[in-house]
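Residue numbers (my numbering), protein chains in the order written: chain A, 1036 to 1326; chain B, 1036 to 1326.
The structure under discussion appears below in the form of structure tokens.
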DNA sequence: CGATTTCTCTGACTTCGGTCAGCTGATCCG
DNA sequence: CGGATCAGCTGACCGAAGTCAGAGAAATCG
């Protein structure tokens, strides 16, 4: 790891923390403590107390107290949960909604005040660069790990993958095609972002020296980050460690992004090696075995 | 202002605040309160209490208490200021230096842990994009305002400008050339970043319909942000408001960045109009008068 | 059905960050 | 020299944030 890079990231973080005090106070400016303001803001979309506690990471006693404070100010009502008599639900009153809108507005104005120090072109550059940072940080925090093939999160990903194929293939998709022949699975990878499944992929042992990559999928919320490429590389290196210098995969003509990815990643088309009806196109790549 | 842009900046800020909790805590992880950790960190470079108070924005009583806490832990000593018997100076002990180095290290490791989720290419992209964001945010927070020609901050900028020219011109620079003929000054602009002077520039009335731009200068700490261009544009529009459709300026062959800026900004070389020995090159630009 | 778990609320308590007023010396200004 | 000012220290005080240990009501499990 390059120490200069670390230093630059740290410097950016420092600068940004300092600015954020000016930028995300949202919160501040209103003479309302931060905790209350955050809560007011979050109640806006979804008032289940359990959920709020999880989202904001609050102690249940503390949350209770904050709610009562907001209640006393007439910004919030707390009602019993319709389905579960133990649980309760918070809801903004009209005054609460107005207050929240005002917070929102202040925040917007602060940002607007910042942006109009810039020319239109500079603004565009800023947005673009922030988008890049955002993308790369998300990518950096996503973990990719090998998991047992029957891990619940992996099953869930495959289920969603199958559901998506079902809508994208004109002929539909039969989820039975998911299960690989027993005993051939090399590695099932699972990508998670902050504990939430973000994608999957696996490779199997096709013939000696040859691996097949299957079910490479990225969850909609994690697309556009470059995660598919990373999963693909991890699958390749896993197969390489298993002594497989050739990797094959098949895909469907409807999956244009996937095809682009494979081509860009060094795969070239080969005659069909698979009898799956969904593998309308088949690709192969030679990979270097680690010595 | 584009509402979508504001929303995107806000979203980035939100995301980044969330991450920063994980990134700049520095601080956290050590079982030391944030205030103490920040102080420990800042004492590292410069222990003058006055300065520390200003840098961290602390109340003098609070600072005193924090210092005593660190003192009790054997991390810091406080000695009288050599030059001023009222003031005092804080200094890290060996233990304090070790502690600070450890904070530093933890922070580095956190960043390293983040970065090694990325490929080398992605790391470079991240650094570049963060650099852009940093640059543009700094630029956005810099204010450019017209000030009286005798404003102390403007005088200070001109003094530093002259000092710099003195070192850059082989023949040196005579600061007497700074003062424009009385009564012709149109507008003196001063750029400030967080209240610190960051650059200056002014235009004068040369002949009817013609303005001259002089003393365009950006402080070293604010270079590379695009501030010179902004100052130049502001000067031009100020001259235009004064009914001057032609702007001239002269510069020295040693000032290559300035020459590049002028060429890029639409200035073309003209025969010398000025008898200043430092104006080895002279430029002109026609600007549109606001109706 | 009873025992256990789940969810919320309450009271007691702690720490941290921060402000304020007043004090002591040192220094500066006239 | 004497008064104003400046730097730092101290004690008193405050609210915000957060933790912890129950209590009580509802739901769930066996």
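Note that CB positions come from ideal geometry on N, CA and C, so glycine has one too.
For this session: Would you check if the segment 1145-1157 of chain B and the segment 1041-1052 of chain B touch, i.e. whether three or more CB-CB distances between them fall below 8 Å?
Result: Result no; under three Cβ-Cβ pairs closer than 8 Å.
Problem set entry | Close Cβ partners of residue 1189 of chain B (< 7 Å) along its chain, the five nearest in sequence each way excluded | Within the same chain, residue 1189 of chain B has close Cβ partners 1182, 1223, 1225, 1235.
For this session: Please state whether DSSP places residue 1295 of chain A in a helix, a strand or coil.
Result: Three-state result, residue 1295 of chain A: helix.
For this session: Check the C-beta distance from residue 1269 of chain A over to residue 1179 of chain A and give it rounded, since I have them as a contact under 8 Å.
Result: By a beta-carbon distance limit of 8 Å, residue 1269 of chain A contacts residue 1179 of chain A. Their separation comes to about 5 Å.
Exercise. Looking only at C-alpha atoms, which of A/1301, A/1316, A/1299 sits nearest to residue 1307 of chain A?
Worked result: Of A/1301, A/1316, A/1299, the smallest CA-CA separation from residue 1307 of chain A is found for A/1316.
Exercise. Since residue 1231 of chain B meets chain A, which of its residues come closer than 9 Å, beta carbon to beta carbon?
Worked result: The contacting residues do not exist; residue 1231 of chain B stays about 14 Å from chain A at best.
Exercise. So, using beta-carbon positions, are residue 1075 of chain B and residue 1114 of chain B closer together than 8 Å?
Worked result: Taking 8 Å as the Cβ cut-off, residue 1075 of chain B and residue 1114 of chain B do not qualify as a contacting pair.
Problem set entry | Beta-carbon proximity of residue 1318 of chain A to residue 1262 of chain A, cut-off 8 Å | In this structure, residue 1262 of chain A does not lie closer than 8 Å to residue 1318 of chain A by Cβ.
Exercise. Applying the criterion that 16 or more other CB atoms from any shown protein chain within 10 Å of the CB defines a buried residue, is residue 1150 of chain B buried or exposed?
Worked result: Residue 1150 of chain B is buried by the Cβ-count criterion.
Exercise. Span of the beta strand (DSSP E) holding residue 1265 of chain A?
Worked result: It is not in any beta strand (DSSP E) - residue 1265 of chain A instead sits in the alpha helix (DSSP H) that spans 1262-1276.
For this session: Can you tell me which of the three DSSP states residue 1180 of chain A falls into?
Result: Annotated three-state conformation of residue 1180 of chain A is strand, per DSSP.
Exercise. Which runs of the alpha helix (DSSP H) fall wholly inside the segment 1182-1213 of chain B and span at least 4 residues, in chain order?
Worked result: List check, alpha helix (DSSP H) in window: 1187-1203.
Exercise. Taking the Cβ atom as the reference point for each residue, do residue 1245 of chain B and residue 1281 of chain B lie within a distance shorter than 8 Å?
Worked result: A distance below 8 Å separates the beta carbons of residue 1245 of chain B and residue 1281 of chain B.
Problem set entry | Complete beta strand (DSSP E) runs within the segment 1084-1135 of chain B (minimum length 3 residues, chain order) | Within the segment 1084-1135 of chain B, the runs of beta strand (DSSP E) at least 3 residues long that lie entirely inside it are, in chain order, 1111-1115, 1123-1127.
For this session: Output the residue ranges of the beta strand (DSSP E) runs that lie fully inside the segment 1220-1248 of chain B and measure 3 residues or longer, sorted by chain position.
Result: DSSP runs (the beta strand (DSSP E)) wholly in the segment 1220-1248 of chain B: 1220-1228, 1231-1242.
Exercise. Between the Cα of residue 1176 of chain B and the Cα atoms of B/1121, B/1229, B/1071, which residue gives the shortest distance?
Worked result: Per the Cα distances, B/1229.
Exercise. Straight-line CA distance for residue 1160 of chain B to residue 1166 of chain A?
Worked result: When rounded, the distance between both Cα atoms is 12 Å.
Exercise. Just checking my contact of residue 1101 of chain A with residue 1071 of chain A at CB under 8 Å: how many whole Å lie between their CB atoms?
Worked result: 6 Å between Cβ atoms; contact.
Exercise. Helix, strand or coil: how does DSSP classify residue 1287 of chain A here?
Worked result: The three-state secondary structure of residue 1287 of chain A, taken from DSSP, is coil.
For this session: Go ahead and label residue 1067 of chain B buried or exposed: buried means 16 or more other beta carbons lie within 10 angstroms of its beta carbon, across all protein chains shown.
Result: Classification of residue 1067 of chain B: buried, given that the 10 Å Cβ count is 16 or more.
Exercise. Using a C-beta cutoff of 8 Å, does residue 1258 of chain B count as contacting chain A?
Worked result: Residue 1258 of chain B has a beta carbon lying at 8 Å or more from every beta carbon in chain A.
Exercise. Which residue comes first and which comes last in the beta strand (DSSP E) that contains residue 1316 of chain A?
Worked result: Under the DSSP assignment, residue 1316 of chain A falls in the beta strand (DSSP E) whose first and last residues are 1316-1321.
Exercise. So is residue 1150 of chain A in contact with chain B if we call contact Cβ pairs under 8 Å?
Worked result: True, the Cβ-Cβ gap to chain B drops below 8 Å.
Exercise. Are the segment 1121-1131 of chain A and the segment 1292-1300 of chain A touching by the rule of at least three beta carbon pairs closer than 8 Å?
Worked result: Between the segment 1121-1131 of chain A and the segment 1292-1300 of chain A, the count of Cβ pairs shorter than 8 Å is below three; the stretches do not touch.
Exercise. In chain order, what residues of the segment 1160-1173 of chain A put their CB closer than 9 Å to some CB of chain B?
Worked result: Correct list: 1160, 1161, 1162, 1163, 1164, 1165, 1166, 1167, 1168, 1169, 1170, 1171, 1172, 1173.
For this session: Please classify residue 1172 of chain A: does DSSP put it in a helix, a strand, or coil?
Result: It is helical.
Exercise. Exposed or buried, residue 1061 of chain B, counting other C-beta atoms within 10 Å across all chains shown (16 or more means buried)?
Worked result: Note that residue 1061 of chain B scores 47 on pLDDT, short of 50, meaning its location in the model is unreliable and no value can be drawn from it.
Problem set entry | Proximal residues, the segment 1042-1055 of chain B versus chain A, C-beta separation under 9 Å | Those residues of the segment 1042-1055 of chain B placed with their C-beta closer than 9 Å to a C-beta in chain A are 1042, 1043, 1044, 1045, 1046, 1047, 1048, 1049, 1050, 1051, 1052, 1054, 1055, ordered along the chain.
For this session: Please list the residues of the segment 1119-1150 of chain A that have a C-beta atom closer than 8 Å to any C-beta atom in chain B, keeping them in chain order.
Result: Hits within the stretch, in order: 1142, 1143, 1146, 1147, 1149, 1150.
Problem set entry | Pair within 8 Å by beta-carbon distance, residue 1233 of chain B and residue 1219 of chain B | No, the Cβ-Cβ distance between residue 1233 of chain B and residue 1219 of chain B is not below 8 Å.
Exercise. What does residue 1040 of chain B touch in chain A if you count any residue whose Cβ is under 7 Å from its own?
Worked result: Scanning chain A for C-beta atoms nearer than 7 Å to the C-beta of residue 1040 of chain B yields 1150, 1158, 1162, reported in chain order.
Exercise. My guess is that residue 1158 of chain B and residue 1040 of chain A are in contact by the Cβ rule of under 8 Å, so how many angstroms apart are they, rounded?
Worked result: With 8 Å as the limit, residue 1158 of chain B and residue 1040 of chain A qualify as a contact, their Cβ atoms being about 6 Å apart.
Exercise. Where do the ends of the beta strand (DSSP E) carrying residue 1303 of chain B lie?
Worked result: Start and end: 1303-1305.
Problem set entry | Environment of residue 1231 of chain A [buried if 16+ CB atoms lie within 10 Å] | Residue burial is scored here from C-beta neighbours: residue 1231 of chain A has fewer than 16 other C-beta atoms within 10 angstroms and is therefore classed as exposed.
For this session: Could you pull the start and end residues of the alpha helix (DSSP H) that residue 1073 of chain B belongs to?
Result: Membership of residue 1073 of chain B in the alpha helix (DSSP H) is indicated by the continuous run 1069-1078.
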